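Going by my numbering, the sequence shown runs without a break in its numbering and finishes at 301. The structure under discussion appears below in the form of structure tokens.
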Amino acid sequence: MNSQANSNLNPGATTRATLRENTTDDLAPFIKPPVLQFEIGSMRNFVYLIILGNSQNGEPGARPDVLPNNLGEAIVIDPQKDLRPLQSACAQYGVKITEIWLTHSHHDHIAGVPALLDADPSIRLRAHQKDAHRLPEAAKKRLTIWNFGAPSSEVGDPHGGCLEFKMGDLNIQVIHTPGHSAGAVSYLVSQAQSQAQSQTQSQAQPQTQSQAQPNDSPPESYLISGDTLFIRDCGRTDLETGSNEDMFKSLQTYKKLTPINAVLLPGHHYARECFSQFSDELKASPPLLCNNIEELQNLP
Numbered sequence: 002m003n004s005q006a007n008s009n010l011n012p013g014a015t016t017r018a019t020l021r022e023n024t025t026d027d028l029a030p031f032i033k034p035p036v037l038q039f040e041i042g043s044m045r046n047f048v049y050l051i052i053l054g055n056s057q058n059g060e061p062g063a064r065p066d067v068l069p070n071n072l073g074e075a076i077v078i079d080p081q082k083d084l085r086p087l088q089s090a091c092a093q094y095g096v097k098i099t100e101i102w103l104t105h106s107h108h109d110h111i112a113g114v115p116a117l118l119d120a121d122p123s124i125r126l127r128a129h130q131k132d133a134h135r136l137p138e139a140a141k142k143r144l145t146i147w148n149f150g151a152p153s154s155e156v157g158d159p160h161g162g163c164l165e166f167k168m169g170d171l172n173i174q175v176i177h178t179p180g181h182s183a184g185a186v187s188y189l190v191s192q193a194q195s196q197a198q199s200q201t202q203s204q205a206q207p208q209t210q211s212q213a214q215p216n217d218s219p220p221e222s223y224l225i226s227g228d229t230l231f232i233r234d235c236g237r238t239d240l241e242t243g244s245n246e247d248m249f250k251s252l253q254t255y256k257k258l259t260p261i262n263a264v265l266l267p268g269h270h271y272a273r274e275c276f277s278q279f280s281d282e283l284k285a286s287p288p289l290l291c292n293n294i295e296e297l298q299n300l301p
């Protein structure tokens, strides 16, 4: 399991260059609206921008009436102290950050929260109740808790948390995935299929396996896992509120809830790649291959 030590934040350099789509070169950040990935800071944090609407260039979820000046909405996940890459991307895609979602509240994942909240009193902050204690007092006053309710045996979630809702043209699942931290959550984002698309697909002739070319289309599901699940690894469990038992249960939850064609988007750039196919992780990730807690805690 990953045991990289925490260190002081030192935001890295950034560029104002126009972002270009990338879904194939896994050594570079994943850039495919509605999901944009940024590596920021000395701890190689990944920060995510979720594009909900864009009235300027017709990106998914365009809703020109949402905000003044024809701006669309965007969600930032785990903002770092250096906000310039996010500001540049928002300008490029014609969106405004309206929500901050946290995967957990370790300092390297909340460094950009105070500046964003100070800059705009309308921005909403969301996180799990069990990770609220690490937030600055001013942020706690702005916090909206994810309301998970009772455990759902139907989806096999052992932690009492799997929210499902729609924002813009996106389906969102917020999944409670403790182990690295008691209030850790993961975000499963997928494109909502329009009625017209569903009708077209139902009328289309099925392809044979030789005709189907899944790599010709961008992936439709994205798992933003924070520090619970990394590429071929999982988060450390020896920090405050960490737990091997919770981590093992969260790994089983991932296997039950994550579509096999989803893209794994972790919280840090610890592996060679920036992103990975979940189907590959199921075959090659030692934590996901563990059959019990003992095997997990014995991993190097």
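Cβ atoms here follow ideal geometry from the backbone N, Cα and C, with glycine treated the same way. Here the structure is a predicted model, which is why all the values come from computation and not from measurement.
Would you please state the rounded distance, in angstroms, between the beta carbons of histidine 269 and asparagine 23? I believe it to be under 8 Å. In the sequence shown, residue 269 corresponds to position 268, counting from 1. In the sequence shown, residue 23 corresponds to position 22, counting from 1. Not confirmed; about 19 Å, so no contact.
Contact set for asparagine 245: own chain, Cβ-Cβ below 8 Å, skip 5 residues either direction: Taking the sequence shown and counting its residues from 1, one reaches residue 245 at position 244. Around asparagine 245: Gly180, Thr238, Ile294, Leu297 and Gln298.
For cysteine 275 and glycine 95, the rounded distance between their alpha carbons: Translated into the one-based positions of the sequence shown, residue 95 becomes position 94. Translated into the one-based positions of the sequence shown, residue 275 becomes position 274. Roughly 25 Å separates the two Cα atoms.
Rounded to whole angstroms, what is the Cα-Cα separation between asparagine 148 and glycine 42? Indexing the sequence shown from 1 puts residue 148 at position 147. Indexing the sequence shown from 1 puts residue 42 at position 41. Straight-line Cα distance between these residues: approximately 31 Å.
May I ask you to list the residues that DSSP assigns as paired with histidine 1? Given that the chain is displayed from residue 2 to residue 301, the structure contains no residue 1 and the question cannot be resolved.
Determine the direct distance from the alpha carbon of aspartate 234 to that of proline 287, and round the result to whole angstroms. Position 286 of the sequence shown holds residue 287. Position 233 of the sequence shown holds residue 234. Taking the straight line joining both Cα atoms gives about 7 Å.
Would you mind sorting threonine 229 into buried or exposed? The rule is 16 or more other CB atoms within 10 Å of its CB. Walking along the sequence shown from the start, residue 229 turns up at place 228. Buried, by the Cβ-count rule.
Can you tell me whether alanine 272 sits near the ligand NAD, meaning its C-beta is under 7 Å from at least one heavy atom of the ligand? With respect to the ligand NAD, the structure shown offers nothing to examine, as it has no ligands at all.
Candidates Asp170, Gly169, Leu171 and Val175, of which the one nearest cysteine 163 by Cα: One-based indexing of the sequence shown puts residue 163 at position 162. Among Asp170, Gly169, Leu171 and Val175, the Cα nearest to that of cysteine 163 belongs to Val175.
Using only alpha-carbon positions, find the residue among Leu118, Cys91 and Ile124 that is nearest to glutamate 100. The residue you call residue 100 lines up with position 99 of the sequence shown. Among Leu118, Cys91 and Ile124, the Cα nearest to that of glutamate 100 belongs to Ile124.
Should isoleucine 232 and leucine 265 be called a contact, given that it needs their Cβ atoms to be closer than 8 Å? For the purposes of this step, residue 232 is taken as the residue at position 231 of the sequence shown. For the purposes of this step, residue 265 is taken as the residue at position 264 of the sequence shown. Against a cut-off of 8 Å, the Cβ pair of leucine 265 and isoleucine 232 comes out as a contact.
For leucine 1, which residues in the same chain have their Cβ closer than 8 Å to its Cβ, ignoring the five residues on either side in sequence? Nothing in the structure corresponds to residue 1, since the chain is present only between 2 and 301.
Assuming valine 36 and threonine 104 make a contact with CB atoms under 8 Å, what is their CB distance in whole Å? Translated into positions along the sequence shown, residue 36 becomes position 35. Translated into positions along the sequence shown, residue 104 becomes position 103. So it is not a contact: roughly 14 Å between Cβ atoms.
Could you spell out the range, first to last residue, of the beta strand (DSSP E) harbouring lysine 97? Stepping through the sequence shown from its first residue, residue 97 is reached at position 96. Element bounds for lysine 97: 96-102.
Three-state secondary structure assigned by DSSP to threonine 145: Indexing the sequence shown from 1 puts residue 145 at position 144. Threonine 145: strand per DSSP, three-state reduction.
Option nearest aspartate 109 by Cα separation, candidates Asp79, Ile98, Leu28 and Ala120: Indexing the sequence shown from 1 puts residue 109 at position 108. Measuring from the Cα of aspartate 109, the nearest candidate turns out to be Asp79.
Inter-residue CB distance, leucine 49 and isoleucine 173 (contact presumed, cutoff 8 Å): For this step, residue 49 is matched to residue 48 along the sequence shown. For this step, residue 173 is matched to residue 172 along the sequence shown. The amino acid at residue 49 is misidentified as leucine; the sequence shows tyrosine. That belief does not hold up - the Cβ atoms of tyrosine 49 and isoleucine 173 are roughly 13 Å apart, past 8 Å.
Just tell me which of Asn292, His177 and Arg21 has its CA closest to the CA of aspartate 132. Taking the first residue of the sequence shown as position 1, residue 132 is located at position 131. Looking at the Cα atoms, His177 is the closest of the given residues.
In this structure, what does DSSP give as the bridge partners for methionine 168? For the purposes of this step, residue 168 is taken as residue 167 along the sequence shown, with counting starting at 1. According to DSSP, which records beta bridges pairwise, methionine 168 is partnered with Leu171.
Reducing DSSP to helix, strand and coil, say where histidine 280 ends up. For this step, residue 280 is matched to residue 279 along the sequence shown. Per the sequence presented here, residue 280 reads as serine, with histidine not at that position. It is helical.
Below 8 Å on the Cβ atoms is my guess for lysine 97 versus alanine 75; work out the distance and round it to an integer in Å. Here residue 97 corresponds to residue number 96 of the sequence shown, with the count starting at 1. Here residue 75 corresponds to residue number 74 of the sequence shown, with the count starting at 1. Going by Cβ atoms, the distance from lysine 97 to alanine 75 rounds to 7 Å, so yes, they are a contact pair.
Could you give the distance in angstroms between the alpha-carbon of valine 190 and the alpha-carbon of tyrosine 255? Working through the sequence shown from its first residue, we reach residue 190 at position 189. Working through the sequence shown from its first residue, we reach residue 255 at position 254. Taking the straight line joining both Cα atoms gives about 14 Å.
Identity of the residues DSSP links to serine 182 by a beta bridge: Reading the sequence shown from its first residue, position 181 is the one you call residue 182. Serine 182 is not bridged to any residue.
Going by other Cβ atoms of all chains shown within 10 Å of its Cβ, with 16 needed for buried, is phenylalanine 39 buried or exposed? Working through the sequence shown from its first residue, we reach residue 39 at position 38. Phenylalanine 39 should be labelled buried.
Reference histidine 107, options Gly227, Phe249, Cys291 and Leu289, closest by Cα: On the sequence shown, residue 107 is found 106 positions in, with the first residue counted as 1. When only C-alpha atoms are compared, the closest one is Gly227.
Within 10 Å of its beta-carbon, does histidine 134 have 16 or more other beta-carbons around it, so buried, or fewer, so exposed? Residue mapping note: residue 134 aligns to position 133 of the sequence shown, counting from 1. Result: exposed.
Backbone secondary structure at leucine 37 - three-state DSSP: As a position in the sequence shown, residue 37 is number 36, starting the count at 1. Leucine 37: strand per DSSP, three-state reduction.
Taking DSSP as the reference, what is the three-state secondary structure of phenylalanine 249? In the sequence shown, counting from the first residue as 1, residue 249 sits at position 248. In this structure, phenylalanine 249 counts as helix in the three-state DSSP scheme.
Cα separation between alanine 29 and threonine 19? In the sequence shown, residue 29 corresponds to position 28, counting from 1. In the sequence shown, residue 19 corresponds to position 18, counting from 1. Roughly 15 Å separates the two Cα atoms.
For glutamine 88, count neighbouring Cβ atoms within 10 angstroms of its own Cβ and tell me buried if that reaches 16, exposed if not. Position 87 of the sequence shown, counting from 1, holds the residue named residue 88. So glutamine 88 ends up on the exposed side.
When you compare each of Ala90, Pro137 and Ser182 to methionine 248 by their alpha carbons, which one comes out closest? On the sequence shown, residue 248 is found 247 positions in, with the first residue counted as 1. It is Ser182 whose Cα lies nearest to the Cα of methionine 248.
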